[in-house]
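Structure record follows, encoded as structure tokens.
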Amino acid sequence: MDNIIRHYGVLAVLVLAVMFCTGCSRGAKVTFTQGDNKIDIRIDGTSVAEYRYTSDLVKPVLYPIRTLNGVIITRHFPFEEVEGESHDHPHHTGVFFTYDEVNGNRFWASTSSPPQIRHINIADMRDGKREGTLSSVSHWTAKNGQILLEEQRTMAVYPGVNEYAIDFIIKITAVDTTVVFGSTKEGMFAIRVAPWLKENGGNGKYLSSRGGTTAADIWARRAEWVRLEGEKDGIKAGIAIMNHPSSTNFPTFWHARDYGLFSANPLGQTFFQKSRGEENPEPYELTLQKGESTIFRFQMICYDGTRNKEEMEQKFRVYSGRQ
99 MDNIIRHYGV
109 LAVLVLAVMF
119 CTGCSRGAKV
129 TFTQGDNKID
139 IRIDGTSVAE
149 YRYTSDLVKP
159 VLYPIRTLNG
169 VIITRHFPFE
179 EVEGESHDHP
189 HHTGVFFTYD
199 EVNGNRFWAS
209 TSSPPQIRHI
219 NIADMRDGKR
229 EGTLSSVSHW
239 TAKNGQILLE
249 EQRTMAVYPG
259 VNEYAIDFII
269 KITAVDTTVV
279 FGSTKEGMFA
289 IRVAPWLKEN
299 GGNGKYLSSR
309 GGTTAADIWA
319 RRAEWVRLEG
329 EKDGIKAGIA
339 IMNHPSSTNF
349 PTFWHARDYG
359 LFSANPLGQT
369 FFQKSRGEEN
379 PEPYELTLQK
389 GESTIFRFQM
399 ICYDGTRNKE
409 EMEQKFRVYS
419 GRQ
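Residue numbers for the sequence shown follow our numbering, beginning at 99 and rising by one.
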């Protein structure tokens, strides 16, 4: 199958592994364990994430997300009830990739199907030292049952020192009709973080490549990367999202909120620019003709400790191939 690794070439994925693992734990091994409609992702035996795709989910998700030291980064709800956690926005589930306004279908806001991004199969699963890859195929299925998009996703996991990265290469293809993505804030590559990591009500602190330090600074603006970090029971940890220069409409806009939503949204350009009152907003609407594809690339870095701007810039240079 013409999966995403073939699109970029195995060599490109291996190069990314070598670049990220400069200074990584020698011989750290990534393994994938198949469970009941989920796959456990482990680094040297430590579970750091689960890829979940049960039929009742309206989209595949990664949940929970843990640092190498076991700090849980994601909100538990709606998968688990934890005292004190908010129940707002039940469609914010772990780490997810979705979008509203797709030929009139609200994939982002949906909590019951249809519509549904339906997991079809695991295309590839490879354990390995310093790098492991997991590839899947999903169908974006409309309210009327029509398959609008095929999503081919590769998640390459790279262990590092006190951190790991998951590189997401997501190719979406219009199946048998023209697919139009309307401009909305509701998208696209996102994580709903744990309460302690919220800016409002927790101690989370944002930082963007463009200098933003609050959700208000970052929301509806472009940036190459954003990180969010805080402290849980005296232990510092955080998460960063980077956008690759080859990704659609790079650098992405951000739908970052102080209540715990942390999302990169490259397709909300028109909405965001109008919302910010820009004098000359630039209309942007992604349209895929039948058989046409586009690619989104993001890297999620989950870490223990803190990461300053210089460290993040260095990681972005490596990720983007500029070093």
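Backbone N, C-alpha and C define an ideal beta-carbon position, used for all residues, glycine too.
Checklist line | Counterpart residues of residue 175 in DSSP-defined beta bridges | finding: Translated into the one-based positions of the sequence shown, residue 175 becomes position 77. Paired residue(s): none; residue 175 is not in a bridge.
Notebook entry, point to check: Taking all protein chains shown into account, do 16 or more other C-beta atoms lie within 10 angstroms of the C-beta of residue 389, making it buried, or fewer, making it exposed?
Noted result: Indexing the sequence shown from 1 puts residue 389 at position 291. So residue 389 counts as exposed.
Note to self: To the nearest angstrom, how far is the alpha carbon of residue 270 from that of residue 353?
What the structure shows: Stepping through the sequence shown from its first residue, residue 270 is reached at position 172. Stepping through the sequence shown from its first residue, residue 353 is reached at position 255. Computed Cα separation, rounded: 21 Å.
Item checked: Assigned secondary structure, residue 348 (DSSP; H/G/I helix, E/B strand, else coil) -> Start at 1 with the first residue of the sequence shown, and residue 348 comes out as number 250. Residue 348 falls in the coil class under three-state DSSP.
Check: Can you tell me the Cα-Cα spacing of residue 145 and residue 174, whole angstroms?
Finding: Against the sequence shown, residue 145 aligns to sequence position 47. Against the sequence shown, residue 174 aligns to sequence position 76. Going by the C-alpha atoms only, they are around 16 Å apart.
Checklist line | Segment limits, alpha helix (DSSP H) that includes residue 274 | finding: Mapped onto the sequence shown, residue 274 falls at position 176. From DSSP, residue 274 is part of no alpha helix (DSSP H); its letter is neither H nor E.
Note to self: Tell me which residues share the same chain as residue 262 and place their Cβ nearer than 7 Å to its Cβ, disregarding the 5 neighbours each side in the sequence.
What the structure shows: If you number the sequence shown from 1, residue 262 lands on position 164. Answer for residue 262: 141, 146, 166, 255, 256, 400, listed in chain order.
Check: Nearest-angstrom Cα distance between residue 281 and residue 127?
Finding: What you label residue 281 is simply residue 183 of the sequence shown in a count that begins at 1. What you label residue 127 is simply residue 29 of the sequence shown in a count that begins at 1. Whole-angstrom Cα-Cα distance: 41 Å.
Notebook entry, point to check: Are three or more beta carbon pairs between the region 294-312 and the region 380-394 nearer than 8 Å?
Noted result: no
Notebook entry, point to check: Excluding sequence positions up to five away, which residues of its chain have a Cβ less than 7 Å from the Cβ of residue 417?
Noted result: In the sequence shown, residue 417 corresponds to position 319, counting from 1. These residues qualify, in order along the chain: 340, 342, 397.
Margin query: Bridge partners for residue 197 per DSSP, in chain order?
Written below: Stepping through the sequence shown from its first residue, residue 197 is reached at position 99. 285, per the DSSP bridge assignment.
Next item on the list: Specify whether the region 150-159 and the region 315-329 touch according to this definition: at least 3 beta carbon pairs, one from each stretch, less than 8 Å apart.
Entry: no
Checklist line | Backbone CA spacing between residue 424 and residue 378 [nearest angstrom] | finding: A question about residue 424 goes unanswered here, because the residues of the chain that appear run from 99 up to 421.
Notebook entry, point to check: residue 277: which of 202, 329, 305, 290 sits nearest, CA to CA?
Noted result: Counting from one through the sequence shown, the residue named residue 277 turns up at place 179. For the residues 202, 329, 305, 290, the minimum Cα distance to residue 277 belongs to 202.
Check: Between 125, 235, 363, 194, which lies nearest to residue 291 when the distance is taken from Cα to Cα?
Finding: Working through the sequence shown from its first residue, we reach residue 291 at position 193. Per the Cα distances, 194.
Notebook entry, point to check: Of all the alpha helix (DSSP H) runs that stay within the bounds of the region 349-414, which reach a length of 4 or more residues?
Noted result: 367-373
Notebook entry, point to check: Should residue 158 go down as buried or exposed, given a rule of 16 or more other Cβ atoms within 10 Å for buried?
Noted result: Position 60 of the sequence shown, counting from 1, holds the residue named residue 158. So residue 158 ends up on the buried side.
Next item on the list: Name the two residues that bound the continuous alpha helix (DSSP H) containing residue 316.
Entry: For the purposes of this step, residue 316 is identified with residue 218 of the sequence shown, where counting begins at 1. Here the alpha helix (DSSP H) through residue 316 covers 313-316.
Check: Which partner residues of residue 422 appear in the DSSP bridge assignment?
Finding: Lying outside 99 to 421, the shown extent of the chain, residue 422 is not represented and no answer is given.
Next item on the list: Taking only the alpha-carbon atoms, compute the straight-line gap between residue 206 and residue 288 and give it to the nearest angstrom.
Entry: In the sequence shown, counting from the first residue as 1, residue 206 sits at position 108. In the sequence shown, counting from the first residue as 1, residue 288 sits at position 190. The alpha-carbon atoms of residue 206 and residue 288 are separated by roughly 10 Å.
Margin query: Looking at the ligand NAD, does it come within less than 7 Å of residue 139, judged from the CB to the closest heavy atom?
Written below: This structure does not include the ligand NAD; it has no bound ligands of any sort.
Note to self: Let me make sure I understand the geometry here. Which of 420, 395, 413 has the alpha-carbon closest to that of residue 250?
What the structure shows: Within the sequence shown, residue 250 is the residue found at index 152, counting from 1. Closest by alpha carbon: 395.
Check: CB-CB under 6 Å to residue 348, same chain, minus the five flanking residues each way: which ones, in chain order?
Finding: The residue you call residue 348 lines up with position 250 of the sequence shown. Hits under 6 Å: 341.
Notebook entry, point to check: Start and end of the beta strand (DSSP E) containing residue 292?
Noted result: Counting from one through the sequence shown, the residue named residue 292 turns up at place 194. No beta strand (DSSP E) contains residue 292, which DSSP labels as neither H nor E.
Margin query: Using the three-state DSSP reduction, which class does residue 146 fall into: helix, strand or coil?
Written below: On the sequence shown, residue 146 is found 48 positions in, with the first residue counted as 1. Here residue 146 sits in strand by DSSP.
Checklist line | As assigned by DSSP and simplified to three states, the class of residue 418 | finding: Counted from its first residue, the sequence shown places residue 418 at position 320. Note: residue 418 maps to helix in three-state DSSP.
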